[in-house]
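Data first, discussion second: the structure below is written as C-alpha cells.
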Amino acid sequence: MTGSRYLIDAPGSRVLVDCGLFQGFKVLRDRNWAKFPVDPSSIDAVVLTHAHLDHSGYLPALVRDGFHGRIYASRGTVELCRIMLLDSAHLMEEEARLAAKHGWSRHKQPRPLYTIDDAVRALERFVVVPEEEDVRVADGITARLRPAGHILGAMSVYLDVDGRRVCFTGDLGRPDDPLMNPPHPFDGADVLVTESTYGNRLHSDTDPEAALGEIVRRTARRNGVVLIPAFAVGRTETVLLHLSQLLDRGEIPDVPIYLNSPMAISVADVYRNHPGEHRLSTAEIERLYTVASPVRSVEESKLLNRRGGPMIIVSASGMLTGGRILHHLQAYGPDARNAIVLTGFQAGGTRGARLLGGERTLRIFGRDVPIRADVTNIESMSAHADADDILAWMRTAGRPPQAVYVTHGEPAAADALRLRINRELGWRASVPEHHGVVSLTAPASGEPVVTI
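Numbers given in my numbering equal positions in the sequence shown, counted from 1, plus 738.
See the structure below:
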C-alpha cells in the first residue's frame, strides 16, 4: 500500500502520477533499490497528489537517474515537499553513517538511497499548479487538481488523456476530520484509480480525544512517559490539537509535553500560510504550537531520555520506521510504567504493525529491545477515509466510471473495497497487479486489459 506510482503512456507523452517510497516489509522496501521500471529520462512530467513520502519520497532518486521534466503539485504540497524531501535525505544519510559506524548493516559500506544534493535538485523541478485549473503537463495530457482532504495540499488528480478522463484519488481524507476540510466531491471520470488503505474497515466511534485523555491520566498517575509516534505532517497537528483541548478543559494533568520532530516544527508556518485549507482558526493554530515545547537539537533529544516521567513526547515517525522516536522507544519502551500510543494505520512490516500484532520485542539499532510499556492504538485518529467514506465519495459522481482500479491498499483491504464497489455501486472494479498494465480505452463491457 506504499510506493504509489502510476505511469500514463499516451502517443508521444509519458506522465507519472506520484513517485513514492515503498515502506514496511523488507521485500517491499527492496523495491526502492531496484532499477526504475522505465527509463526516468523518458518521462515528460510528474504530477503529485500530496507530499507524504509514500507518494513523493522517490523523486530525488528519479531526478538523479535522469528525469529532466517538471514536477507539478499544489502550493501546499510544494511547500511541504521542500521540508519533507530534505528531511528524508538527511535521515537516509544519517542512518547510513550510523550503520557504518556501529556495524548495523550487512553491507560493508552502507549508502543512502539518495542524498541531500539529490533532494535539492529534485526540488528545483517543482511547479505550483493552482487547484481547479487545467494545466497542460505534456503533449495531449492536461491535469486538474481538486482537494482531497487528508493533509495540507492533498489533491485528487484528474488527467484528460486523448479524450479520456482518468481520476487518481490520492489519499482521501475524512468528511469529519478535526483538522482538514472534507474532500471535494467526485466529479466523475471514465476511469477511476482509487486508494483503499481502509478498504476493509470502518473507523471506530470512540472519541479519540477522550481515549487519549484516559491514557495520559493513567500514565501520569504512575509517573510514566507517554510516547506518541506521529507523522510530522497531519498526525502531529491532530495530536497536538487534542492535547491542547484536553489541557484547556482541565481533563489531563499539566505535565510537560515535548514535540521532538524538527520537521513537524518546520511545518507550523505552512499551516499558518494556508488558513483556507483546514478547519483551525489563527488562535487555534497558535495554541496548537505552544502546547508543546519544541525539541530541535540532538543534544536536547538525548536529554529527554534521561529526564523520566511524567511527560508526553510526540515524535516521528508514525509507524516507528525511523526518526527520533526510536531512541525514545529504546529508552522508555522496556518500562511498564510508560505508554506507547499509536495513532492510526500501521503498514505491514513496520514496528508499529508488529506492536499491534502483539510482538513485545523490537529490533532497534541492531539490538533487541523488550517492550513492556502499555501499547494502545487510537485508530479513530486516522486521517484516511474509511470504506464507507470512500463509497460515499464515489456516490457523488455525476456519472459512473467505466472502470475502477483499486490500489494503494493491502490485499485484504483492496479486495474488500473492490467487492463493495461491484455489489453496492454496480461499477466494474478490479485490483491490478504490481507492474500491471491496463488499457484506458478498453471497452466497458469487457475485462480490463492486464499484462504482467
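Even glycine gets a Cβ: it sits at the ideal position worked out from N, Cα and C.
None of these values were measured; they are calculated from a predicted model.
Paired residues, beta bridge with residue i - DSSP
i: Asn1115; result: Leu1080
i: Arg1105; result: Ile1102
i: His1016; result: Met918
i: Cys757; result: Arg743
i: Cys905; result: Tyr896, Leu930
i: Tyr725; result: The first residue shown for the chain is 739 and the last is 1190, placing residue 725 beyond what the model contains.
i: Arg752; result: Asp747
i: Met1132; result: Answer is none; Met1132 lacks a bridge partner.
i: Tyr936; result: Asp1124
i: Arg884; result: Ser894
i: Ala1074; result: BP columns for Ala1074 are empty, so no partner.
i: Ser1053; result: Pro967, Asn998
i: Val1144; result: Thr932
i: Thr1085; result: The displayed chain sequence assigns Ala, not Thr, to residue 1085. DSSP lists no partner for Ala1085.
i: Ala876; result: Ile879
8 Å contact criterion, which residue i and residue j should meet: CB distance rounded
i: Gly758; j: Leu800; result: Their Cβ separation, rounded to whole angstroms, is 11 Å, which puts Gly758 and Leu800 out of contact at 8 Å.
i: Leu930; j: Leu818; result: In fact, because the Cβ distance is near 25 Å, the residues do not count as touching under 8 Å.
i: Pro994; j: Ser1031; result: 7 Å
i: Pro967; j: Leu1041; result: So it is not a contact: roughly 20 Å between Cβ atoms.
i: Glu1022; j: Gly1086; result: With 8 Å as the limit, Glu1022 and Gly1086 do not qualify as a contact, their Cβ atoms being about 35 Å apart.
i: His788; j: Thr815; result: 5 Å
i: Thr932; j: Val1169; result: That belief does not hold up - the Cβ atoms of Thr932 and Val1169 are roughly 10 Å apart, past 8 Å.
i: Tyr810; j: Val875; result: 5 Å
i: Ser982; j: Val1029; result: 4 Å
i: Arg774; j: Leu766; result: The amino acid occupying residue 774 in the given sequence is Phe; Arg does not appear at that position. Not really, about 16 Å apart at Cβ, beyond 8 Å.
8 Å Cβ cutoff met for residue i and residue j
i: His1066; j: Ser1053; result: yes
i: Pro1193; j: Val1113; result: Beyond the ends of the chain as shown, which are 739 and 1190, falls residue 1193; an answer cannot be given.
i: Asp872; j: Gly1136; result: no
i: Glu947; j: Leu984; result: yes
i: Arg1075; j: Gly951; result: no
i: Arg884; j: Asp1127; result: no
i: Arg769; j: Leu754; result: no
i: Thr976; j: Met1119; result: yes
i: Ala1151; j: Ser934; result: yes
i: Gly1060; j: Leu829; result: yes
i: Leu910; j: Pro921; result: yes
i: Ile1109; j: Arg1098; result: yes
i: His793; j: Gly908; result: yes
i: Val865; j: Leu1178; result: no
i: Ile746; j: Leu979; result: no
i: Leu1064; j: Ile1003; result: no
i: Ala783; j: Asp915; result: no
Contact set for residue i: own chain, Cβ-Cβ below 7 Å, skip 5 residues either direction
i: Thr853; result: Ala827, Glu831
i: Met1001; result: Ile821, Met822, Asp825, Ala970, Ala1054
i: Asp1124; result: Tyr936, Arg939, Leu940, His941
i: Ile1190; result: Caution is warranted here: a pLDDT of 24 is assigned to Ile1190, below 50, making its placement in the model unreliable, and no coordinate value can be reported.
i: Pro778; result: Leu800, Asp803, Gly804, Phe805
i: Ile1192; result: Outside the modelled stretch of the chain, which goes from 739 to 1190, sits residue 1192, for which no answer is possible.
i: Tyr1070; result: Val963, Leu965, Asn1076, Ala1111
i: Gly762; result: Thr740, Ala1085, Gly1086, Gly1087, Thr1088
i: Thr1134; result: Pro923, Phe924
i: Arg1161; result: none
Same chain only: Cβ atoms within 6 Å of residue i, ignoring 5 sequence neighbours per side
i: Ser1039; result: Asn998, Val1033, Arg1062
i: Arg848; result: A small correction: the amino acid at residue 848 is Pro; Arg does not occupy that position in the sequence shown. Result list for Pro848: Ala834, Ala837, Ala838, in chain order.
i: Leu1093; result: Val1113
i: Asp1078; result: For the record, residue 1078 in the displayed sequence is Ile; it is not Asp. Within the same chain, Ile1078 has close Cβ partners Leu965, Ala1111, Val1113.
i: Arg856; result: First, the amino acid is wrong: residue 856 is Asp here, not Arg. Cβ neighbours of Asp856 beyond the five flanking positions: Pro798, Arg802.
i: Gln1068; result: Ile1102, Val1107
Cβ-based neighbour list, residue i, same chain, cut-off 8 Å, excluding 5 preceding and 5 following
i: Pro1181; result: The predicted position of Pro1181 is uncertain, since its pLDDT is 45 and thus under 50; a value taken from the coordinates is nonetheless stated next. Around Pro1181: no qualifying Cβ.
i: Trp771; result: Leu851
i: Gly878; result: Ala748, Pro749, Gly750, Ser751, Val899, Asp900
i: Val1187; result: Bear in mind that a pLDDT of 35 at Val1187, under 50, signals an unreliable position, so the number given afterwards is only what the model happens to contain. Same-chain partners within the cutoff: Val1175, Val1176, Ser1177, Ala1180.
i: Glu870; result: Arg882, Leu883, Arg884
i: Thr957; result: Val963, Val964, Gly1047, Pro1048, Arg1075, Asn1076, Ala1077, Asp1112
Residue-level contact to chain D via CB, residue i, 8 Å cutoff
i: Leu997; result: Structure shown: chain D not included; a single protein chain is present.
Minimum length 3: unbroken beta strand (DSSP E) runs contained in the segment 844-874: 864-866
Length at least 3, wholly inside the segment 971-1021: the beta strand (DSSP E) runs in chain order: 995-998
Residue ranges of each alpha helix (DSSP H) within the segment 1145-1173, 4 or longer: 1149-1158
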